[in-house]
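Protein sequences appear in the order of chains A, B, C and D.
Residue numbers for the first sequence follow our numbering, beginning at 35 and rising by one.
Residue numbers for the second sequence follow our numbering, beginning at 35 and rising by one.
Residue numbers for the third sequence follow our numbering, beginning at 31 and rising by one.
Residue numbers for the fourth sequence follow our numbering, beginning at 31 and rising by one.
Let me begin by presenting the structure, written as structure tokens, before commenting on it.
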Amino acid sequence: MKKFVNDPANFVPEFMAGVLAANPDLLEGNLEFQMIKRKDGPRADKVSVVQGSGSGHEPAHVMAVGPGMLDGACQGPVFAAPPVDACYETIKALATPAGVLVLVNNYQGDRMAWDTAVEIAQAEDIVVDQFIINDDVAVQDSLYTVGRRGVAGNFFVMKCCGAAAEEGQSLAQVKAVAEKVNANVRTMGLALTSCIPPAKGTPIFEIGDDEMEVGVGIHGEPGRERAKIKPADEITEMLFAAVADDLPFTSGDRVALMVNGLGGTPPAELYVLYNKAAALCEARGLTVARNYVGEYCTAIEMAGCSITLLKLDDEIEKYLAAPAQTACRIF
Amino acid sequence: MKKFVNDPANFVPEFMAGVLAANPDLLEGNLEFQMIKRKDGPRADKVSVVQGSGSGHEPAHVMAVGPGMLDGACQGPVFAAPPVDACYETIKALATPAGVLVLVNNYQGDRMAWDTAVEIAQAEDIVVDQFIINDDVAVQDSLYTVGRRGVAGNFFVMKCCGAAAEEGQSLAQVKAVAEKVNANVRTMGLALTSCIPPAKGTPIFEIGDDEMEVGVGIHGEPGRERAKIKPADEITEMLFAAVADDLPFTSGDRVALMVNGLGGTPPAELYVLYNKAAALCEARGLTVARNYVGEYCTAIEMAGCSITLLKLDDEIEKYLAAPAQTACRIF
Amino acid sequence: MAISQANIEKAIDTTADTVVRNELYFSDLDGLAGDGDFGISLATGFKVIKKDLPEIDKPDVGAMLLKLSMIVSKHVGGSSGPIWGTGFMKAALVSKGKTEVSLAELAGMVGNAVDGIMARGGAQLGDKTLLDALIPVRERLDAAAAAGETDMGALLKSCADIADGAVDSTRSLVAHRGRASQVGARSADTPDPGIVAIATILTDWCKAFGVERAAVAPEVAKAVA
Amino acid sequence: MAISQANIEKAIDTTADTVVRNELYFSDLDGLAGDGDFGISLATGFKVIKKDLPEIDKPDVGAMLLKLSMIVSKHVGGSSGPIWGTGFMKAALVSKGKTEVSLAELAGMVGNAVDGIMARGGAQLGDKTLLDALIPVRERLDAAAAAGETDMGALLKSCADIADGAVDSTRSLVAHRGRASQVGARSADTPDPGIVAIATILTDWCKAFGVERAAVAPEVAKAVA
Ligand SMILES: Nc1ncnc2c1ncn2[C@@H]1O[C@H](COP(=O)(O)OP(=O)(O)O)[C@@H](O)[C@H]1O
Ligand SMILES: Nc1ncnc2c1ncn2[C@@H]1O[C@H](COP(=O)(O)OP(=O)(O)O)[C@@H](O)[C@H]1O
Ligand SMILES: [Mg+2]
Ligand SMILES: [Mg+2]
Ligand SMILES: [Mg+2]
Ligand SMILES: [Mg+2]
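Given below as structure tokens:
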């Protein structure tokens, strides 16, 4: 297995210990429950924003903790929702009179774990509410399914809720921010390779050298269809059309454009995609007011990408521009 | 080929166009010579710091351009030094009475190209000097070879020279900073997979599923030896000992510790390595005053890592802490 | 006919063996239309159960099952954590204080677990989840209790037959719950790993309690001890 | 014996074909101990040369070679840019204004190119670079000029033999220059791609000028037209 790993069963706590060791002033954690929180929180007058999901999406979710972003997060094993206890302990650790907002990416496992944890916390009179993120246009929504997944658009929801909470907004107000951002963000992803969860030790799916998976999520699950690999510009056109047609975005809109790498795709390739995506925005009359090119929500080392468009208004732009700090930094 | 690419021959200018499109306020470029520069430079009273090398190492080198880092950079094709003309045009575009310092990673191709370009520029009375970075302990130095390579330690040289130049130091002073940092920094790398230059379309070398290459550079060239893959902690011990013994670092030293991903290794694995490396520092009595975990100098999508140790003093710490801004950003 | 706490403990211990042995195989099955973590998630919890079961304080069946539910909630991630945790918890609630259970009580435990799982995850019969094995088993137990059946071996065999049959009868369905539901029609023609797990566990129980039975679905045949 | 500018142009055009045809093969050879870019780097430049050669203003041999040197400096990256660019430039300097060159002048051009390459990259005979092909070729040309040889076909064949032989005679050496030198002893038992390229070019020249010659080293045999 082409991975840096000791005992695969300890992979998650070990990497989280590394994140804590690298950020002693910013973060603290409780690795018994795979949980990391801001060292300076919770604060009685500030809503706590928390999240938790499977591991393997780094920098989401525990690496998105810090001032202006999440107040705390917990992780499950790679690609598996965190155990109920971890969710509950995370809510408890961040509980504050101002309340806790749990941002849940729409995966059934995450939802069930957080539902249960929130029920327990509410029974203990902790002020806590939930919001479900579902920006993935690849999933056909229907009454009979769990609906669209939450994928890279999650970054924008975290960022805006983090900024709003930092401003001192109420639990209801921060939840309204989540609703607004989620309603205005759309994502579509594509994979060129599978990926290898450390505990599994083998790729989740087999894929030919000339094939790609269209409409993948972020857990190495197969996408909606398999197709022959295409030139980068055609791939960008396909993903872009899927997101831009869905809302729909209209000429004159200001947008944030994200080209997210799924883990195994190097920056140069992401910028080849961005180059085309920016041109497609211009062709539709969309003004890219902010852009994000890099890894925001990954599927461990999967080669692939997703394109996210967020429709902006003054409020959202203000939140995006607000300062924030997490374990991810360059200098 | 599992890559986002159009015509491989246009890969480098296309990705650079993407970098420019994503950073219109910060950067401008001349893609005929694969060159990117700070939009607000050169300045007559400030030394220009430039670099250029093969592509495929992103964020080095063109993505390291910006205030507090490089003033300009040019790139060759993937893993090939830039053509002489590109080097010359880069020097010319950043020429200033305060002088240009070229930071060259010690690869023969880069050296020959920059030597030639510097000769031409000097013949035109441009004030320009060069410094050679060679932090790679994997290469046995000898009179008969080109010597140690410049690898991830390059980041620290760029950062410190960028900060010193921003402070208004002279060409000789900035070069002295490069000398000091280079003299105090050591790196060793290791690869789990090969990588695929887009124009080549196939992996540079074959490697078994249970093998690793020890002591690789950043161009997909094989390392010094091939070995059976080991647990992450043993790998960290091996790389750490190689760098820490080389200077040597001694108990009581303050250091910067970098765990650099070579492109295909996800953040969680880098933090597993960091977790161990930080413990090894502590065991040697080294204080990790600053840490860097992420991708600083890559070999396109190669799975692998390098560990870099930089011995600090007050001056170097001041430069590392100075503000800087490049195309790499998170928010 | 009463079922002793010792037999229930033995069934749990057998289940732990089944799950741990199939850690990678169940994950491979989950990788066909899902995300490949099912076997690993479940095994993480059952390794703890296997280790702790002999030592935990278990005055009665309900207390024992509640303890298992807590282990699952702490150690099992993914959908399987809430699903199996809820199942154990609901079964525990109706077996509090009992050191043996009648067939009717057993049927009540399974019934309460099934109701809890349905409430937690919103799945119905035919959504291609482990409920497609558990719901018919629950009905069989209800009927056996009503009819006053006494051959426990025959009943166990017939429950295993039902679960094993569900693997093949649901194979062509499109999943409506879980991650497999998000790949649309592509989940058709893959077995549901949760159903395979239930069928394998029941088949392994047959063996543990000396009941002769051969697996039918190829995945179950591959997974049994 | 004089060599016409047209023949030199034909040799260059043939070289471009050789290099472009072997873009991937030469890169594969470079990947054995180097970084796999040699063929691609060279081909990038020679594609431009192939396209521009018919049209460029080339009043004399020196002007033509200078123009080639400029194309290489603009388009060829890696070590090959400075090495081949320097070679063309140094050959140009001593053929300025000539529309044909004598054998002695040809030997002088190759000699000046070799000196320039040695100065630029610091490599010596035996460092396992293309100089291990070029230096003995240069000596052969000097000797031929001194002896007043007139059979150009035989001379070309003998130069090709020398370069081809260098592939095998250097194979076991450890590289001292270029990226291959940084893998230490592991560069032994791999052919140097630069030497293979020179040998292939000379062998292709034989064919282009109607001289019969079969390649010896397996890599050259694989690379020739
Ligand atoms: N809503 C549900 N109700 C009952 N069982 C379910 C439900 N969703 C999934 N399952 C069962 O759980 C199994 C998958 O578990 P697991 O891999 O842990 O979940 P995840 O989809 O979160 O990765 C499926 O094979 C199915 O049998
Ligand atoms: N210092 C040198 N002098 C002459 N030729 C050299 C030198 N270094 C390398 N070469 C030749 O160049 C070839 C490699 O070229 P290329 O792949 O472009 O260089 P790089 O090592 O920069 O990737 C080698 O096979 C060798 O024949
Ligand atoms: Mg899962
Ligand atoms: Mg090269
Ligand atoms: Mg699963
Ligand atoms: Mg090379």
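Backbone N, C-alpha and C fix where the C-beta goes; we use that ideal spot for every residue, glycine too.
Using a Cβ cut-off of 8 Å, pull out every chain A residue sitting near G90(B), in sequence order please.
The residue labelled residue 90(B) in the question sits at position 56 within the second sequence. Ordered by position in chain A, the residues that pass the 8 Å Cβ test against G90(B) are P300 and A302.
Considering only their Cβ atoms, is the gap separating K73(B) from A132(B) smaller than 8 Å?
Working through the second sequence from its first residue, we reach residue 132(B) at position 98. Working through the second sequence from its first residue, we reach residue 73(B) at position 39. The Cβ-Cβ distance between A132(B) and K73(B) does not fall below 8 Å.
So is D119(A) in contact with chain C if we call contact Cβ pairs under 8 Å?
Against the first sequence, residue 119(A) aligns to sequence position 85. With 8 Å as the cut-off, D119(A) counts as an interface residue toward chain C.
In the DSSP assignment, find the alpha helix (DSSP H) that holds M192(B) and state where it starts and stops.
Counting from one through the second sequence, the residue named residue 192(B) turns up at place 158. Looking at the DSSP string, the run of the alpha helix (DSSP H) that includes M192(B) is N188 to E200.
Does the count of Cβ pairs from the region 193-200 of chain B and the region 228-244 of chain B closer than 8 Å reach three?
As far as the Cβ criterion goes, the region 193-200 of chain B does not touch the region 228-244 of chain B, which means the pair count is below three.
What does the Cβ neighbour count give for P301(B), buried or exposed, with the cut at 16 atoms within 10 Å?
The residue given as residue 301(B) occupies position 267 in the second sequence. By the 10 Å Cβ count, P301(B) comes out buried.
Where N218(B) sits in the DSSP three-state scheme
Against the second sequence, residue 218(B) aligns to sequence position 184. Here DSSP, grouped into helix, strand and coil, assigns N218(B) to coil.
Figure out for me which residue from F274(A), A323(A), L296(A) and I364(A) has the closest Cα to the Cα of T342(A).
Locating residue 342(A) in the first sequence gives position 308, where the first residue counts as 1. The residue among F274(A), A323(A), L296(A) and I364(A) with its C-alpha nearest the C-alpha of T342(A) is F274(A).
Give a yes or no on whether the C-beta atoms belonging to P13(A) and S89(A) are separated by under 8 Å.
Limits of chain A in this structure are 35 at one end and 365 at the other, which puts residue 13(A) out of reach.
Would the beta-carbon of G117(C) fall within 8 Å of that of G143(A)?
Here the question's residue 117(C) lines up with position 87 in the third sequence. Here the question's residue 143(A) lines up with position 109 in the first sequence. Result no, Cβ atoms of G117(C) and G143(A) do not sit closer than 8 Å.
Three or more C-beta pairs below 8 Å linking the region 112-127 of chain B and the region 152-161 of chain B
Counting Cβ pairs under 8 Å, three or more are found: they touch.
Unbroken alpha helix (DSSP H) run spanning P47(A), endpoints:
The count along the first sequence starts at 1 and reaches residue 47(A) at position 13. Counting along the chain, the unbroken alpha helix (DSSP H) around P47(A) starts and ends at F45 to A56.
For V14(A), the nearest candidate out of R324(A), N188(A), T227(A) and Y308(A) (CA to CA):
With chain A covering only 35 through 365, there is no way to say anything about residue 14(A).
So does F68(D) have its beta carbon nearer than 7 Å to some heavy atom of ligand 2?
What you label residue 68(D) is simply residue 38 of the fourth sequence in a count that begins at 1. At least one heavy atom of ligand 2 is found less than 7 Å from the C-beta of F68(D).
Would you mind stating whether V91(D) and V49(D) have Cβ atoms separated by less than 8 Å?
As a working note, residue 91(D) is residue 61 in the fourth sequence. As a working note, residue 49(D) is residue 19 in the fourth sequence. Annotated as distal: V91(D) and V49(D), with beta-carbon spacing of 8 Å or more.
I think P93(B) touches Y326(B), with their Cβ atoms under 8 Å apart; what is that distance to the nearest whole Å?
Locating residue 93(B) in the second sequence gives position 59, counting from the first residue. Locating residue 326(B) in the second sequence gives position 292, counting from the first residue. Contact flag wrong, Cβ pair sits at about 12 Å.
is_contact[K234(A), chain C] using C-beta, thresh 8 Å:
Within the first sequence, the letter at position 200 stands for residue 234(A). For K234(A), the answer is yes, since a Cβ of chain C falls inside 8 Å of its Cβ.
Nearest neighbour of S285(B), chosen from K345(B), G295(B) and G242(B) [CA to CA]
Mapped onto the second sequence, residue 285(B) falls at position 251. Among K345(B), G295(B) and G242(B), the Cα nearest to that of S285(B) belongs to K345(B).
May I ask you to report which of helix, strand or coil DSSP gives R170(D)?
Taking the first residue of the fourth sequence as 1, we reach residue 170(D) at position 140. Note: R170(D) maps to helix in three-state DSSP.
Shorter than 7 Å, the distance from the beta carbon of G141(D) to the closest heavy atom of ligand 2, or not?
Residue numbering aside, residue 141(D) sits at position 111 when the fourth sequence is read from its first letter. Checking the Cβ of G141(D) against ligand 2 gives no.
Which residues in the same chain have their Cβ closer than 8 Å to the Cβ of E135(C), if we skip the five residues on either side of it in sequence?
Locating residue 135(C) in the third sequence gives position 105, counting from the first residue. If we look at E135(C) and ignore the five residues flanking it on each side, its Cβ neighbours are V124, S125 and K128.
Quick one: list the residues of chain A neighbouring P226(B), beta-carbon separation under 8 Å, in chain order.
Taking the second sequence and counting its residues from 1, the one referred to as residue 226(B) is at position 192. The residue asked about is misnamed: residue 226(B) is Leu in this sequence, not Pro. Going along chain A in sequence order, the residues near L226(B) (Cβ under 8 Å) are K36, K37 and F38.
Per DSSP, cross-strand counterpart(s) of K73(A)
Counting from one through the first sequence, the residue named residue 73(A) turns up at place 39. Answer is none; K73(A) lacks a bridge partner.
Cβ-heavy atom distance between G257(B) and ligand 6 below 7 Å?
Within the second sequence, residue 257(B) is the residue found at index 223, counting from 1. Distances taken from the Cβ of G257(B) to the heavy atoms of ligand 6 include none shorter than 7 Å.
Please indicate yes or no: does the CB of G108(D) lie closer than 7 Å to some heavy atom of ligand 6?
Against the fourth sequence, residue 108(D) aligns to sequence position 78. Yes; taking the cut-off as 7 Å, the Cβ of G108(D) has a heavy atom of ligand 6 nearer than that.
Let me check you understand the geometry: is the CB of G223(B) closer than 7 Å to at least one non-hydrogen atom of ligand 6?
One-based indexing of the second sequence puts residue 223(B) at position 189. Not one heavy atom of ligand 6 is found less than 7 Å from the C-beta of G223(B).
Residues in the region 304-315 of chain A having any Cβ partner in chain E nearer than 7 Å:
This model lacks chain E altogether; the protein chains it does include are A, B, C and D.
Beta-carbon neighbours of T74(C), restricted to chain A and to distances below 8 Å:
Position 44 of the third sequence, counted from the first residue, corresponds to residue 74(C). A43 and P111, listed in chain order.
Compute the minimum distance between the beta carbon of G111(C) and the heavy atoms of ligand 5, and state whether it is under 7 Å.
By one-based count along the third sequence, residue 111(C) stands at place 81. Result no, Cβ not under 7 Å from ligand 5.
Quick check: what's the CA-CA separation for D219(D) versus G242(B)?
Walking along the fourth sequence from the start, residue 219(D) turns up at place 189. Walking along the second sequence from the start, residue 242(B) turns up at place 208. Straight across, the Cα-Cα distance linking D219(D) with G242(B) is about 20 Å.
Give the C-beta separation of G61(D) and A210(D) to the nearest angstrom, bearing in mind that I take them to be a contact with Cβ-Cβ under 8 Å.
For this step, residue 61(D) is matched to residue 31 along the fourth sequence. For this step, residue 210(D) is matched to residue 180 along the fourth sequence. With a Cβ gap of about 10 Å, G61(D) and A210(D) do not count as contacting.
What is the rounded straight-line gap between the Cα of L65(A) and the Cα of T321(B)?
As a first step, residue 65(A) is located in the first sequence; it is residue number 31 there, counting from the start. As a first step, residue 321(B) is located in the second sequence; it is residue number 287 there, counting from the start. Straight through space, the alpha carbons of T321(B) and L65(A) are spaced by roughly 24 Å.
Taking 7 Å as the cut-off, is the CB of I147(C) close to at least one heavy atom of ligand 1?
By 1-based counting over the third sequence, the position of residue 147(C) is 117. In this structure, ligand 1 has a non-hydrogen atom nearer than 7 Å to the beta-carbon of I147(C).
Any idea which residues DSSP pairs I160(A) with across the strands?
Within the first sequence, residue 160(A) is the residue found at index 126, counting from 1. The partner list for I160(A) (beta bridge, DSSP) is empty, contrary to what the question assumes.
Run the proximity test for T159(C): is its beta-carbon closer than 7 Å to any non-hydrogen atom belonging to ligand 1?
Within the third sequence, residue 159(C) is the residue found at index 129, counting from 1. T159(C): yes, Cβ under 7 Å from ligand 1.
Since C189(D) is in the alpha helix (DSSP H), which residue starts that stretch and which ends it?
Taking the first residue of the fourth sequence as position 1, residue 189(D) is located at position 159. Taken as a continuous stretch (DSSP letters only), the alpha helix (DSSP H) holding C189(D) covers M182 to T200.
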